[in-house]
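J.: One structure follows; several queries about it will come next.
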Amino acid sequence: MAAQPKPQNRPISNIVFVVAMQTEALPIVNRFQLTEDPHSPFPQGAPWVHYHGTFKDLNINLIWTGNDPTLGVDSIGTIPSALATYAAILALQPDLIINAGTAGGFKAKGASIGDIFVVSECAFHDRRIPIPKFCRQHQYVMSCRFLICMEWVFVKPLKHPNL
Numbered sequence: 001m002a003a004q005p006k007p008q009n010r011p012i013s014n015i016v017f018v019v020a021m022q023t024e025a026l027p028i029v030n031r032f033q034l035t036e037d038p039h040s041p042f043p044q045g046a047p048w049v050h051y052h053g054t055f056k057d058l059n060i061n062l063i064w065t066g067n068d069p070t071l072g073v074d075s076i077g078t079i080p081s082a083l084a085t086y087a088a089i090l091a092l093q094p095d096l097i098i099n100a101g102t103a104g105g106f107k108a109k110g111a112s113i114g115d116i117f118v119v120s121e122c123a124f125h126d127r128r129i130p131i132p133k134f135c136r137q138h139q140y141v142m143s144c145r146f147l148i149c150m151e152w153v154f155v156k157p158l159k160h161p162n163l
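In full-length UniProt numbering, the protein residues as written are 1 to 163.
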């Protein structure tokens, strides 16, 4: 079992949103009046786009995973998201990370824009992406050969005076 993080009673001041699609990122960028960082904190050549700004007493960062250089579509999926999140942790040292977007939510399954889901378990899976632009010549295809379900270790909510 993984070690439990030590409770911290300090305010959260540095937040990172990780978003896979530009259409998901723009409402957050607009709501918090974030600006694109011309001096990316990420390695040269990385497709990730960094927006930043402040809201009240919070430093807000948003990382959009960028466009796939081959197909010109949003870099969606577990691998681009994991890489961008890891790079953001190293470069920005956030107090809180929020993975925002559709996360596979579909209207046919009862999801609506603006719905918030609190998960009770976690599953990792790669899959085919059933969106036409992402299926061209099966270049943006992931294997669906396995499904691993993991028991999620829940930590008691930490108290943060400003949230």
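Virtual Cβ for every residue (Gly too), placed ideally from N, Cα, C.
Looking at the structure shown, is Y140 part of a helix, part of a strand, or coil, going by DSSP?
T.: Counting from 1 along the sequence shown, the entry for residue 140 is found at position 140. In this predicted model, Y140 has a pLDDT of only 45, less than 50, meaning its place in the structure is not dependable; the value taken from the coordinates is given anyway. The answer is coil: DSSP assigns Y140 none of H, G, I, E or B.
J.: Based on DSSP bridge pairs, tell me the residues matched to Y51.
T.: Mapped onto the sequence shown, residue 51 falls at position 51. Answer is E36, L62, bridged to Y51.
J.: At what residues does the beta strand (DSSP E) containing V19 begin and finish?
T.: Translated into the one-based positions of the sequence shown, residue 19 becomes position 19. Taken as a continuous stretch (DSSP letters only), the beta strand (DSSP E) holding V19 covers 14-19.
J.: One question on the structure: do N59 and I15 come within less than 9 Å of each other, judged by their Cβ atoms?
T.: Along the sequence shown, read from residue 1 onward, the residue named residue 59 stands at position 59. Along the sequence shown, read from residue 1 onward, the residue named residue 15 stands at position 15. A contact, by the Cβ cut-off of 9 Å.
J.: Do you know whose CA, among P80, I97, F42, A91, lies nearest T65's CA?
T.: Along the sequence shown, read from residue 1 onward, the residue named residue 65 stands at position 65. It is P80.
J.: Considering only their Cβ atoms, is the gap separating W48 from A88 smaller than 9 Å?
T.: Numbered from its first residue, the sequence shown carries residue 88 at position 88. Numbered from its first residue, the sequence shown carries residue 48 at position 48. For A88 and W48, yes; Cβs fall inside 9 Å.
J.: Do Q33 and G53 come within 9 Å of each other at the CB atom, strictly closer than that value?
T.: Within the sequence shown, the letter at position 53 stands for residue 53. Within the sequence shown, the letter at position 33 stands for residue 33. Their beta carbons are under 9 Å apart, which means G53 touches Q33 by this criterion.
J.: What would DSSP say about I28, mapped onto helix, strand or coil?
T.: On the sequence shown, residue 28 is found 28 positions in, with the first residue counted as 1. Looking at I28 - three-state DSSP - the assignment turns out to be helix.
J.: Pull up the CB-CB distance for A20 and I76, whole angstroms please, since I reckon it's below 8 Å.
T.: If you number the sequence shown from 1, residue 20 lands on position 20. If you number the sequence shown from 1, residue 76 lands on position 76. The Cβ separation is near 4 Å, so the contact holds.
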